[in-house]
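Protein chains in written order, with our numbering: chain E, 37 to 245; chain S, 37 to 245.
By construction, the Cβ of each residue, glycine as well, lies at the ideal position given by its N, Cα and C atoms.
Since the model is a prediction, treat every value here as computed from it, not as a measurement.
Inspection log for the structure reproduced underneath, given as structure tokens.
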């Protein structure tokens, strides 16, 4: 790959970690540039104008200088990196099924499991707004439902889309393996725990921190 | 395509409409089976066991009988249908950028714009729980931010990923064109309004109802 790859990230973010893990499993060199989202560093005029008008990380930068292109959304950035690799199923149904789990992750899993981790570990429960506090119980229930669903799926599958790791596993691993930091115990999800160990044993695996 | 395609849907759902619109623009025959989500018809044991353990529509069914395969998640179902067509950019960056907008839609747009439409038009404000009521203002702000962001992007682009329609447009059109039903006026978003007219003028376009 001729073009340099730079990840604009906050190292504490599981969404950013997905991209680092994808690059690591594929052996792709990836530069990083760190921002502190707690200090609003992704909401500056310069960031909004050049990197991401949505004010969020991660963003994958492809190339340098005036011709650089920017790709927000963690799962889209993983998709770019994994193009043509074994991390995306080669058949039509498998490719769509891999995306199915990645959309599930962003809609049903991340807003519950990752948000509670962010609130409880990084913001602190005492600092939450009343609107956020009212969301703790619904997000707890939504997160448990998502974990239960993936546990049932993993009871019959080594990885999400069959026998080998794909981006679906990477997307769901990022926040599942640190779900405890959001108060989600994995004791009731033995198949999730076994799958976490399988992902951690992959050649090239890198840990989050 | 040899295998029959059946959409398990609630016709009022914009997520289901995305799949019907994709099939229409591609000229693909698509059978439908309707469920009433207000009556819990996607939470029955039979539905959970066979169609989608997540208890949600849409689900795209590919094939019939014992060999049928099921694909939940609206954007993944669209991806399956559009495989190899002009609705998915052919280049590596374009394909990932198309997914970038589809993930944005599911994370930043749908949970705000579509949820308020569902609550206000179908559930009724008087029937909302206190937790839901506390979410109206944050979802209003989140939805306006999403609409503002796409308006700014469309100021410089005829469609989301360049000169022609892709799945990014279909994903974002579904709930944007009925945002008014959730109390979102499009008066401040002239580029969104012009883009809606461009989508509605596409050959093969079908309306939601």
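Cα-Cα, which of the options is closest to residue i?
i	options	result
residue 118/S	128/E, 100/E, 210/E	128/E
residue 96/E	140/E, 45/E, 82/E	45/E
residue 150/E	151/S, 156/S, 155/S, 143/S	143/S
residue 105/E	42/E, 64/E, 76/E	42/E
residue 225/E	110/E, 109/E, 191/E, 77/E	191/E
residue 98/E	194/E, 153/E, 39/E	39/E
residue 179/S	148/S, 188/S, 154/S	148/S
residue 175/E	157/E, 69/E, 146/E, 138/E	146/E
residue 69/E	50/E, 54/E, 93/E	93/E
residue 200/E	116/E, 223/E, 234/E	234/E
residue 159/E	55/E, 52/E, 75/E, 245/E	75/E
residue 90/E	79/S, 241/S, 181/S, 172/S	181/S
residue 116/E	54/E, 137/E, 236/E	54/E
Since residue i contacts residue j with CB under 8 Å, what's their CB separation in whole angstroms?
i	j	result
residue 57/E	residue 206/E	5 Å
residue 114/S	residue 197/S	The pair is not a contact, with the Cβ atoms about 14 Å apart (cut-off 8 Å).
residue 141/S	residue 208/S	5 Å
residue 164/E	residue 220/E	At roughly 17 Å, the Cβ-Cβ gap does not stay under 8 Å, so residue 164/E and residue 220/E are not in contact.
residue 121/E	residue 62/E	6 Å
residue 214/E	residue 50/E	7 Å
residue 112/S	residue 139/E	6 Å
residue 167/E	residue 170/S	5 Å
residue 222/S	residue 229/S	5 Å
Got a sec: is the Cβ-Cβ distance from residue i to anything in chain S below 7 Å?
i	result
residue 42/E	no
residue 109/E	yes
residue 139/E	yes
residue 185/E	yes
Give a yes or no on whether the minimum CB-CB distance between residue i and chain E is below 7 Å.
i	result
residue 174/S	yes
residue 104/S	no
residue 88/S	no
residue 97/S	no
residue 112/S	yes
residue 115/S	yes
residue 231/S	no
residue 37/S	Bear in mind that a pLDDT of 49 at residue 37/S, under 50, signals an unreliable position, so the number given afterwards is only what the model happens to contain. By this cut-off, residue 37/S is not an interface position.
Cutting at 6 Å between CB atoms, please list the residues of its own chain near residue i, excluding the five before and the five after it.
i	result
residue 66/E	41, 43, 59
residue 87/E	44, 95, 106
residue 243/E	none
residue 231/S	190
residue 123/E	202, 203
residue 245/S	none
residue 83/E	none
residue 212/E	none
residue 137/E	196, 204
residue 37/S	With a pLDDT of 49 at residue 37/S, under the threshold of 50, the modelled position of this residue cannot be trusted; read the value that follows with caution. Same-chain partners within the cutoff: there are none.
residue 85/S	none
Between which residues of its own chain and residue i is the CB-CB distance below 8 Å, once the five residues before and five after are set aside?
i	result
residue 72/E	46
residue 157/S	217, 218
residue 152/S	172, 175, 176, 179, 218, 219, 220
residue 240/S	60, 61, 62, 63
Using C-beta distances below 7 Å, list every residue in its chain close to residue i, excluding the 5 sequence neighbours before and after it, in chain order.
i	result
residue 227/S	187, 190, 191
residue 131/S	124, 125
residue 154/E	none
residue 108/S	88, 90, 92, 95
residue 101/E	none
Check whether the Cβ of residue i lies closer than 6 Å to any heavy atom of the ligand HEM, and answer yes or no.
i	result
residue 203/E	With respect to small molecules bound, the structure shown includes none, and the ligand HEM cannot be examined in it.
In the region 117–136 of chain S, which residues sit with their C-beta less than 9 Å from some C-beta in chain E, listed in chain order?
-> Listed by position along the chain: 117, 119, 120, 128, 129, 131, 132, 133, 134, 135, 136.
Which residues, taken in chain order from the region 160–173 of chain E, show a beta carbon closer than 8 Å to some beta carbon of chain S?
-> 166, 167, 170, 171, 173
Pull out every residue of the region 47–59 of chain S whose Cβ sits closer than 7 Å to any Cβ of chain E, in chain order.
-> none
Can you list, in chain order, the residues of the region 141–154 of chain E whose Cβ is nearer than 8 Å to any Cβ on chain S?
-> For the region 141–154 of chain E, the set of positions with a beta-carbon nearer than 8 Å to some beta-carbon of chain S reads 142, 143, 144, 146, 147 in chain order.
Which residues, in chain order, does the region 204–218 of chain S contribute to contact with chain E at a C-beta distance below 9 Å?
-> Going along the region 204–218 of chain S in chain order, one finds no residue with a Cβ nearer than 9 Å to chain E.
Got a sec: which bits of the region 188–205 of chain S sit with their beta carbon under 9 Å from any beta carbon on chain E, in order along the chain?
-> Within the region 188–205 of chain S, the residues whose Cβ lies closer than 9 Å to some Cβ of chain E are 188, 189, listed in chain order.
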